[in-house]
Structure formats: structure tokens, C-alpha cells
Amino acid sequence: MANSESIGVKKTLEIINKANHIMNDENFKQHSFIIQRFERAKQLKEQRYKYYDGMTYEEDYITNENLKNTYITPKLNTTEVRVNTGTSEKKLDAIKNELLTMNLQHEVRAFDQSDMEIAQLGDDVGDIVTRTNQIEKDDDVYEEITDELLSQRLVYVRELFIEETIKRNQTKITMAKKELISGLKVFPGDWTIPAYKWDTQPYVVTYDRVGYERAMSILSQYENSKHIQPNKKDRNEYLGGAFTYAFGELQDGEVEIITYESLPDNEFQIYANGVPMLPPGSKLPQDYDKYSIRAYSLKSMSRNFLGGRPFTAMAKTMQAVSNETIRMLIRKFQQALEPPLATPRGGKIYAKGIWDPGAITQGVRKADFEKLTDHKGVEQGEFMMYRLIEEKTEEFIGTPNIAQGMQGSREMSATEVLTLQKQFIKQLGYTVAALMRMKRDLTEIRIYNILENYLTPTKRKYDDLTKSVQDVYRSFTIENASFSNNRKGKKIIKLFDRDLTAEEKESLMEYEDNEEKRGNPVRIKFINKEKLKSIPIFWYVIVTMQDKEGTTLDKVTFQDQLNQAAGIIKLTGKPLNPDVVTEDFERKWKAKDWFNVEAPKEQQQPGQSPEDVQKDSQNLLKDIEKMATESQGEIGPQVSRGLRGGEPSAQRSANMLEANV
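Here the sequence shown stands for residues 1 to 661, numbered as in the UniProt record's numbering.
In C-alpha cells:
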């Protein structure tokens, strides 16, 4: 083993030295340093660890994948029974389904350098994160992430900002997006650092292999892409073989893309078939002090090891015992139906076809055969043993009855269902904690992504009022958003390059009040993107579990709330707020406009009809945008307080921010 490693190291050094003839000292120094780190990361991952039961990461990854998918191994001989009970897959599906119904949601809080909360900014940015998640359809991503978390040692997720082209009208759109990366493609620089300390990794290498055309579509922006050779023969001959380094095995026409990131060194590099794409010393593309690729594990195995312990690894031993037991039971059952037979020495040997229904065989008597087994098939004690093995397998995974849909024959109350859910969370607390930690971390990374990529203008348009071209920034519309008065409705958040004037705030307040009287609660928020970029803000993310609106449990819980409220009314005599009750009912039962809303008493100008008032309100946003150049003086509060103003503490926070500018 040591000899083969020394040969590999020698070959790598020979390849590195070939590049010395065509590179300057600075380029060659980085080239040599990074390739040696590539090899180091690959060797660390290919080691056999006791935490993997003596297997390499790749062997363990494939084993866990086979358990998750109930892989049936090939026969070792013709008489072997191919069987897999699928216990692990069934239990994993039960846990996954329960976790996906938990509806984990984020809450964002923003603080300044004095640890004073910036009123409403956290809620607004949290709503922007929610909307970007909806745009990318991250429910699909989280389903795959949860599946990987339950079945593999590590889960890798990368935060991206991508540009896509809509084929229908060739419109280009940019958006934030999460990408699940296979653990086989990620090579950390240190396996002694646990997953929750991921950002202390010295470097991270990611590997991908694509076709030459696909590689050029990704890398054509780099000048060095012209040196990429897709064939092995061409690589050996091109520039004296200076770029023949290969991280993995390649076929002709393929290109391996290796991405190198080092957070401590703030260094970034991309290699394609041994060719560096960027100049030496290139910085990381993101400004925040975190790796864009994140790592998570289900259950830590050691404070000094990166990999975790998924359910497949916990149950694989008992799963193997279960498979072997059912295999032997089937074999014994087959022996009872078709027992092995013996014939006298020197007698004839008959084919199995003599036992076929209706078969006639000449010269054969019953006494010519003797059974070699004396059992009558599978017995009760063996069934009990098999059930015991199944129970032990369930103990390793730990799924309660509610997760398997076995709540009993009668209809359960909301209290009983919630009690069972609490038991489930207690039984799998670390699993829920791992998901919440992942949600919190990915939300924080998404905030940084938004601050880096969403504050630039999306386009420019001509303003008829000011006779000039104005920048247009992003806006976000969040349906069913929560307001500060515990009501819900539509929330519109617009990024702006200035603060609103007092007149604009007053107009917004009037518009919101009129809409709420009509039964259409709406809030419009403007965020000054200039202050958002310039003032240091500390973000704090909380993840909570919320009931999904419209589900059966949500409706039953609402009914229980009404029943308890009725009892409180009898005791205290305090009436319920009818607007809140009817709004909750319409939202939970999807029964909009079931209850009449009192028509608003609007103050109209002489000669102005209600239709004119509605039209003026709807044009309010457009008017504010046209006034963008009228108030370019001193910048006021960082975030417009909209129509509701801030609490006294929040106002003090805003004043402190202004003093720091």
C-alpha cells in the first residue's frame, strides 16, 4: 500500500513539474500547492474509518443507498432465495413523511452593532427569503435533502445565484437557488472537524464530470478554457503534457471540473482537465465569511470526526439478520413442500418432473424414495424469533404508530394527535434538531445571497414625469403574510434607493386602511437598499414548527380553540373579536368571502366617485416611483416604518443608526 502511494505521489510530482516550463513562478507555485491539496483531500476520503465499519466513504455510501432502496443482492448459487424485507426503507419513509409535515418556518431578526433590534427589518427580510424559497420551489429540494439526511453520513447543499433563460420568450431571469450535491463529489480538507464547525475547514474541493460541450458552456467565459483538451491523447501531447493531471478516471470527450475553495486563505480556483481557469490569488466569489457549500449530519459519532450516523447505518446489522432469517424460513418452507429425497444405491436417478401434477412414471414405487428431512415446515417459535428481530430493527430506527399511519380504528381528537406528535419529537429529537439547524443555516446563507445579488437594479426605464431614465429594483409579493396586529394578508416589499417622504407615508397609510376596510388587508413596505448595504447588520434566525393551514389537524385544532374560547366567554363575559375569527375560518377552510364585510365610509372629494378613489389608490405605487428623484437629500431612517411606525425602543434603535451614519 505504501509503495503504491509513493508511486502515485511521484507521478503527481512529475505532472506538476511539467507545468514549470510554461508557467511563471507565481502561477506554478499556486498550481503545485493546489494539486497537492487535491491529492491530500482524495487520500483522506479514501481511507477506511472505524466509524464506517472499516469501509471507505464510497463503499459506505453505496451500502446506505442500497439499504434505503431495498436493493436485492444477486444470487450466490441457483438455489439461494433472493429476498429483502425492506424494513429500513419502510421505516425511513415513515419518518420522512412525518418530518415533511412539520412545516418548519424561519423567523429573522436584525440587530445593529449595539445589539439593538432594527424594528420590522428582520420580518421584511424574512419574508423576502420566504418568497425566494417559493420562487425556486424549495419544497422539492428539502424533500431530497431530508431523504439524504436520513440515509447518508453527510448532506451537502450549495447556495447559488443563477441565471436562467425562459425558452418561450427568451427572457433571462436571475434567482437564488439551493443545490443538493452528492457526497461522492465533495472532498473536505480535514475529516477531524465536525459538521457544525464546517466553516473552519482549511479548504473544500468539489468534483464533477461532464461532457466537453457542457463544460465549454460553463467555462467559456474564462480565457484559459481554450487549453482544455477533451481527449487523453491530446492532453499528453498538448504543451508537453503540462496539463495531464486527472483527479478521477476520464473517458474521451469528458471534462472533469474541480472547484477549490479556501475560506481561511480567501482563495478560489477552478480546474478543468488539469487547466487552472483563474489567475493565482483569485478571491472567493462571495463576500460573507462562510463556504457557499454547506455540510450537515444527522447524528454525530465523535467530536473529532466529520461524518455522522444515519438511520441506515444504525439498522443495517439488524436488517441483515432479518434478511437472513426470512431467507432461512423460506428455505425451510420450501423443504416442507418439496423435501429432498434419497434413492437406493445403484438405483435410478429420476428427474424432478415426476412430481408434476398428472405425471406418469413407469417402474416407480413409493418405497423407492426416502425423505432426508423430518420437519413439517416453519413453526410458531421461529415466527416469534422473526418478530423479535423486526422489533429490534424498529428500535434502532424508532418510528411511533402515528408515523406509520396506525392511529387506531376510531377518530382521534386534536389533543391526542398533538400528544402523539410530541412523543414522536421526543423519540427523534436529534433528527428534528438536525433539520432545524439545517433550515436555520440555509436561511442565513440565503440572506447573505440576497444582500449580495438582489440589491442591484434589474432594469432601467424612462420616467415621463422627470424626463429621465430611472433604475428599477426588485419587488416581492408575499401572500398570507403575518402582520404586527396578528392579522394576515398580502405584503408587498419594494427595494428602493431612498426613503419615503412624510406625504408618501401618509398616502400609503390611507391606501392600506381603505383596503383593509374592504376586506383586503395589505401592507406595503419600502426598504432603503443603500442603507441596507452600508450599515453593519447582524442577522439572527430562529426556526419554529408551525401547523400547515388547511390541513385536517389545523381545522380540528381551530375547532378546539373555538370550544375553549366559548368556555372563557362564559367565565369572563369578554366577547371574541369577530374579524379575527371569521378571517381565521376563511383562511383555514379556504372559504373566502363567506362573511359580509361592512362597506367602508370613504371621505371623497366633491365630484369624485368611489371608482375614482379606488383608481387613485391603485396608482399610488406608481406615483411614488415617479417621485424617486424629488427627495435625494439627506438619507433618513434605514428602513421605512411604513404606516404603523415603530415602538419606542425601535425608534431609539433607528436614531442610533442615523447617528452612526
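Virtual Cβ for every residue (Gly too), placed ideally from N, Cα, C.
Quick caveat, the model's predicted, so the values are computed rather than measured.
Per DSSP, R294 is one residue of the beta strand (DSSP E) stretching across I293 to Y296. Looking at the DSSP output, M385 shares a beta bridge with no other residue. The way I'd put it, the segment 458-476 does touch the segment 488-498; three or more beta-carbon pairs between them come closer than 8 angstroms.
Between R158 and E179 the beta-carbon gap is near 5 angstroms, inside 8 angstroms, which marks them as a contact. Inclusion of K533 and F558 in the CB contact set at 8 angstroms is not warranted, their separation being larger than that value. At a Cβ-Cβ threshold of 8 angstroms, A176 and I450 count as neighbours.
In this structure, K299 places its C-beta atom within 8 angstroms of the C-beta atom of R309. A Cβ-Cβ separation of about 6 angstroms places E256 in contact with L250 under the 8 angstroms criterion. Assignment of S217 by DSSP, reduced to helix, strand and coil, places it in the helix class. The beta carbons of N266 and F243 sit about 25 angstroms from each other, so the pair does not count as a contact at 8 angstroms.
Nearest C-alpha to N64 among D289, F311 and G211: F311. Among the bridge pairs identified by DSSP, Q105 is matched with T544. For R437, the enclosing alpha helix (DSSP H) starts and ends at G429 to N453. The three-state secondary structure of Q201, taken from DSSP, is coil.
When the Cα atoms are used, N520 and N480 turn out to be separated by approximately 11 angstroms. If you draw a straight line from the Cα of R48 to the Cα of G54, it is about 5 angstroms long.
The Cβ atoms of Y57 and K45 lie closer than 8 angstroms to each other. Restricting attention to E416, L500, M438 and N77, the CA atom closest to the CA of I293 is found in M438. Going by beta carbons, D93 and R153 fall outside the 8 angstroms limit. Contact check for Q113 and P457: beta-carbon distance about 28 angstroms, past the 8 angstroms limit, so the pair fails to qualify.
Collapsing the DSSP output to three states places F38 in a helix. The count of Cβ pairs closer than 8 angstroms, one atom from the segment 191-200 and one from the segment 21-34, stays below three, leaving the stretches out of contact. If the five residues before and after K371 are omitted, its C-beta is found closer than 7 angstroms to the C-beta atoms of P339 and L341, all from its own chain and listed in chain order. When only Cα atoms are considered, I478 and L99 end up about 25 angstroms apart.
DSSP places N480 inside the beta strand (DSSP E), whose first and last residues are S475 to S482. When secondary structure is reduced to three states using DSSP, G308 falls in the strand class. Taking 8 angstroms as the cut-off, the beta carbon of A110 is found closer than this to the beta carbon of W539. When the beta-carbon positions are compared, V141 and G126 stay at least 8 angstroms from each other. Secondary structure note for I128: its alpha helix (DSSP H) is the uninterrupted segment L121 to E136. The count of Cβ pairs closer than 8 angstroms, one atom from the segment 323-336 and one from the segment 364-379, reaches three, so the stretches are in contact.
In this structure the segment 82-91 lies against the segment 386-397, because at least three pairs of beta carbons, one per stretch, are closer than 8 angstroms.
Counting of Cβ neighbours within 10 angstroms places T572 among the exposed residues, the total staying below 16. Under DSSP, W589 shares a beta bridge with no residue.
Straight-line spacing of the CA atoms in I389 and I330 works out to 16 angstroms. Residue range A502 to K517 is occupied by the alpha helix (DSSP H) that includes K505. Residue environment for G122: buried (at least 16 other C-beta atoms within 10 angstroms of its C-beta).
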